[in-house]
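For the sequence shown, the working numbering gives the first residue as 756, with consecutive numbering after it.
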Amino acid sequence: MLPQQIHLTLPPWLGEVADSSRRYHSDEERVGLAIALSRHNAGPGGGGPFGAAVFDGEGRLISAGVNRVIPQNCSVAHAEMMAYMAAQQRLQRFRLNEGGGRYTLATSAQPCCQCFGATVWAGIDELLIGARGEDVETLTAFDEGPLPADWIGELSRRGIAVRRDIMRDEARAVLAAYGATGPHY
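Here it is as structure tokens:
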């Protein structure tokens with residue numbers, strides 16, 4: 756019989772790092788949380804040095820995600836995907852901003868080709884990025900896949916503002932530490 760249910764989980768420590776009782780007002784606070792998640796997830800038993808979080812227009816944390824590819828045996832369980840799925844489940848909407856309000860995804864590193872595609876349809880209004888894709892590929896063994904040549908323009912044309920290089924040095928430090936220990940898959 757074919758599986759009729761898919762079950763993905765986030766690590767139990769997530770709530771200790773992501774404080775859902777506070778407001779994250781600045782871009783640096785939001786990306787800082789994504790980097791903290793990535794740092795925590797890069798340790799033993801984690802899924803890799805990637806973290807992401809979805810915020811509403813008031814700076815409330817809607818969801819947080821980390822890379823769970825290895826622990827969940829699921830190639831789509833990237834941090835951005837996990838954050839999107841958790842936010843969509845929580846709000847009961849497949850497009851987050853469909854019911855009104857503005858939503859932001861903050862991520863420790865530039866989305867790969869898969870997460871770029873999900874960003875087009877997830878219903879966010881802003882994308883905040885720490886490290887660049889070339890940082891990921893230079894400092895780790897990850898292949899980020901092909902993006903459109905003007906990927907920022909593609910998102911902009913769809914109403915998604917992109918700001919990058921937010922706390923880039925901090926995000927790069929997590930990637931470098933992870934990359935120095937060799938491939939994890």
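Where is the CB? At the ideal position from N, CA and C, for every residue including glycine.
This structure is a prediction, so every number in the text was calculated from the model and none was measured.
Which of helix, strand or coil DSSP assigns to residue i
i, result
"F849", "coil"
"A932", "helix"
"H833", "coil"
"N828", "coil"
"F897", "coil"
"H762", "coil"
"R823", "coil"
"L769", "helix"
"D924", "helix"
"M756", "coil"
"L902", "coil"
"A841", "helix"
"A791", "helix"
Sheet register partners of residue i (DSSP bridge)
i, result
"S818", "V809"
"E881", "T859, A916"
"R778", "R815"
"A886", "A864"
Cα-Cα separation, residue i to residue j
i, j, result
"N828", "G802", "10 Å"
"G856", "D811", "7 Å"
"L846", "A819", "13 Å"
"V875", "H795", "28 Å"
"A808", "I817", "8 Å"
"Q843", "Q865", "21 Å"
"V891", "D920", "13 Å"
"G770", "R850", "24 Å"
"S830", "L765", "15 Å"
Quick check: the segment 874-894 against the segment 916-929, are at least 3 beta-carbon pairs closer than 8 Å? yes
At least three beta-carbon pairs within less than 8 Å, the segment 852-867 to the segment 806-822: yes
Across the segment 771-790 and the segment 907-916, are there enough close Cβ pairs to call them in contact, namely three or more that are closer than 8 Å? no
Can we say the segment 783-794 touches the segment 858-877, given the rule of at least three CB pairs closer than 8 Å? yes
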